[in-house]
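Enquirer: Using my numbering, you'd call the opening residue of the first sequence number 38 and step up by one each time.
Please find one structure pasted underneath; my questions will follow.
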Amino acid sequence: MTVRTRFAPSPTGYLHVGGARTALFSWLYARKHGGKFVLRIEDTDLERSTVESVNAILEGMTWLGLEYDEGPFYQTKRFDRYDEVIQGLLDKGLAYRCDCSRERLDKLRDEAMKRKRKPRYDGHCRHRGVSPDEPHVIRFRNPEAGVVAVDDLIRGRVLFNNEELDDLIIRRTDGSPTYNLTVVVDDLDMAITHVIRGDDHLNNTPRQINILRALGAKPPQYGHVPMILGDDGARLSKRHGAVSVMQYREAGFLPEALLNYLVRLGWSHGDQEIFSVDEMIELFDIDAVNKAASSFNTDKLLWLNQHYIKQDDAKRIAHLLSPHMGNLGIDPAQGPDLVAVVEAHQARARSLVEMAEMSAFCYQDFETFDEKAAKKHLRAAAREPLERMREALAGLDEWTEEKLHALVEQVSASLEVKMGKVAQPLRVAVVGRAASPGIDATLYLVGRQACLRRIDKALAYIRQREANAG
RNA sequence: GCUCCCUUCGUCUAGUGGUUAGGACGCUGGCCUCUCACGCCGGUAACAGGGGUUCGAGUCCCCUAGGGAGUACCA
């Protein structure tokens, strides 16, 4: 039997990291076993479902590279099928009509709570034979005794007493089917063999197994993956900033970094931290997925992101960096080759946004000097080195990193000072702050005209400072 | 309330009865060095608590505590 897994989000928001990880595990499982991964949109809640959400989910999955083999299937397009199944259940006496009022149901619930019992439908309409002509819902006739065992791939065997379960509604008064019915029918029709989903569904599983059995079907294997908590250990929410997968792209993360981070959240393979997608597919093992919820840690994600930025091809990074430069009002075509800029910053940036910010100096003059850096490096002692460098730069025959490096060394030597005495003031003059790539690469990327212009500005700053002091 | 699930460094985790409880992120000391990073070397820090079982328990059992999910004519 070929493995078939699915990801079944309800389109009521964006693809968040928790859903993305569930999708990843499900996808990985299918890929590992040579199976199929199907995408199903659970949009039966007409009120909350939107096409924007569907697009956002699709976009997130595409960005992460979680391609599906079948679908997307929309539940709203399968209402006839659900009706057919419900009718079959009705015909066999496995479901029944119920016209209990909400008031009665609410009262039932309140009383049960008062008696410290689990709220549950009392089966009032089980044998009443409610007329199909009156407004009614349809309930599934859940077995009254016995236990349902869920042999979960991650949790192990979990037992539920049927006494704890009640006759759940499978069709609303308006005729629309409910979640527990639609998943069961869909998983059955789509021949899903492994249901890998969030553990908020663990409690629904025995109900679904009962419906499946009523339909004469064999339940699939289930694997309930734990949820992801925020940095602070509380439930992941908007409060935590980026929860939507696409926000991570905007924040300058590489998809492979997010994927690598997500796969290691709740799963591990010995001490290995870095996994390419191929390795994930090869090594992923659903049995090794943790049972406990885990907290999202942005610092570690950042570390992985830096790892991939550092390791990836500079051309690709440049391509991905470009829009972030645009966000800063920079057109990378107007200035040094973006690939060279990337190479100079690859080991320094933890995100593409950081890289854009720290490399902006290559394309545009900065507004003001960093206060601390200027105070420390743009002082009287820096005047001569800067003047000498200005003159040397103006006359340099070839603007290459090698020549620039030699120049800084020559000036330092002739002034009989360490290279830092020349390089640091120069760096602050040209970049506006005390940190940048090697001085040779920095000068090279800034270019001759801008270097001279900025050195003049620094010299003016020093003169101004001296005038003020004295 | 009730049902179900979970519990190793701050965080992600290794560990399947005998380990100085390992790795990673973070933080931190040092090296490298024109700065910042990178890289390299070192440090920091954990078995929720209590009972058992056992020669021996992070590992098995029970209880407690703390988290979480569900308890909808949401999914």
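C-beta: ideal position from N, C-alpha, C; glycine also.
This one's a predicted model, so the numbers in the text were calculated from it and none came from an experiment.
Per DSSP, which residues does I78 bridge with? Please list them.
Expert: Paired residue(s): Y111.
Enquirer: Using CA coordinates, which residue listed in M38, T39 and V54 is at the minimum distance from N334?
Expert: Closest option to N334, Cα to Cα, is V54.
Enquirer: Are the stretch 445-460 and the stretch 386-394 touching, with three or more C-beta to C-beta distances below 8 Å?
Expert: Short answer: they don't touch.
Enquirer: For the stretch 307-363, list the alpha helix (DSSP H) runs that are entirely contained and at least 4 residues long, ordered along the chain.
Expert: Runs found: 314-320 and 335-348.
Enquirer: Give the single residue among L196, Q461 and Q383 whose Cα lies nearest to the Cα of A495.
Expert: Ranking L196, Q461 and Q383 by Cα distance to A495 puts Q461 first.
Enquirer: If I follow the unbroken alpha helix (DSSP H) through H382, where does it start and stop?
Expert: Unbroken alpha helix (DSSP H) run through H382: L375 to H382.
Enquirer: Given a threshold of 16 other Cβ atoms within 10 Å of its Cβ, counted over all protein chains shown, does A411 qualify as buried or as exposed?
Expert: A411 comes out buried.
Enquirer: Would you decide whether M150 is buried or exposed? Buried here means 16 or more other CB atoms lie within 10 Å of its CB.
Expert: Burial call: exposed.
Enquirer: Identify the continuous beta strand (DSSP E) that holds L196 and give its terminal residues.
Expert: Per DSSP, L196 belongs to the beta strand (DSSP E) from G193 to N198.
Enquirer: For N217, is the classification buried or exposed, using 16 other Cβ atoms within 10 angstroms of its Cβ as the cut-off for buried?
Expert: With 16 or more Cβ atoms within 10 Å of its Cβ, N217 is classed as buried.
Enquirer: Might you give, ordered along the chain, the residues of its own chain that have their beta carbon closer than 8 Å to the beta carbon of K440, omitting 5 neighbours on each side?
Expert: These residues qualify, in order along the chain: L433 and D434.
Enquirer: Is it true that the stretch 371-383 meets the stretch 353-361, where meeting means three or more beta-carbon pairs spaced less than 8 Å apart?
Expert: Counting Cβ pairs under 8 Å, three or more are found: they touch.
Enquirer: Quick test of your reading: V465 and L415, contact by CB under 8 Å. State the CB separation rounded to the nearest angstrom.
Expert: Between L415 and V465 the Cβ distance is about 6 Å, and since that is below 8 Å, they are a contact.
Enquirer: Looking only at its own chain, which residues have a Cβ that is under 6 Å from the Cβ of R131, when we skip the five neighbours before and after it?
Expert: The question names Arg, but residue 131 is Leu in the sequence shown. Correct list, in chain order: R178 and A251.
Enquirer: Looking only at C-alpha atoms, which of R208, E181 and G289 sits nearest to P243?
Expert: Nearest C-alpha to P243: E181.
Enquirer: Under a Cβ-count criterion, where at least 16 other Cβ atoms within 10 Å of its own Cβ denotes burial, should W64 be classed as buried or exposed?
Expert: Buried, by the Cβ-count rule.
Enquirer: Give me, in chain order, the residues of the same chain whose beta-carbon lies closer than 7 Å to that of H382; leave out the 5 immediate sequence neighbours on both sides.
Expert: Cβ within range, chain order: M392, M395, S396 and P474.
Enquirer: Take A417 and list the residues in its own chain whose beta-carbon comes closer than 7 Å to its own, dropping the five residues that flank it on each side.
Expert: I499 and E503.
Enquirer: Which of the three DSSP states is assigned to P214 in this structure?
Expert: Three-state result, P214: strand.
Enquirer: Using a Cβ-Cβ cutoff of less than 8 Å, which residues in the same chain neighbour L302 once the five nearest sequence positions on both sides are dropped?
Expert: Cβ neighbours of L302 beyond the five flanking positions: R58, I265, S331 and F333.
Enquirer: Using the three-state DSSP reduction, which class does L496 fall into: helix, strand or coil?
Expert: Note: L496 maps to helix in three-state DSSP.
Enquirer: Under three-state DSSP, which class holds A186?
Expert: DSSP places A186 in strand when its eight states are reduced to three.
Enquirer: Can you tell me which residues form a DSSP beta bridge with R176?
Expert: BP columns for R176 point to Y133 and I206.
Enquirer: Assign T87 to one of three DSSP states: helix, strand, or coil.
Expert: In this structure, T87 counts as coil in the three-state DSSP scheme.
Enquirer: Starting from Q461, trace the alpha helix (DSSP H) both ways and give me its first and last residue.
Expert: That run of the alpha helix (DSSP H) goes M456 to V468.
Enquirer: Just tell me which of P422, M456, A429 and Q401 has its CA closest to the CA of V468.
Expert: Of the candidates P422, M456, A429 and Q401, the one whose C-alpha sits nearest the C-alpha of V468 is Q401.
Enquirer: Reducing DSSP to helix, strand and coil, say where R529 ends up.
Expert: What is shown of the chain runs 38 to 507, which leaves residue 529 out entirely.
Enquirer: Could you check what DSSP says for S281 in three-state terms: helix, strand or coil?
Expert: Three-state DSSP puts S281 in a strand.
Enquirer: Does the separation of the CB atoms of I233 and G260 fall below 9 Å?
Expert: For I233 and G260, yes; Cβs fall inside 9 Å.
Enquirer: So what does DSSP say about K413, is it helix, strand or coil?
Expert: DSSP places K413 in helix when its eight states are reduced to three.
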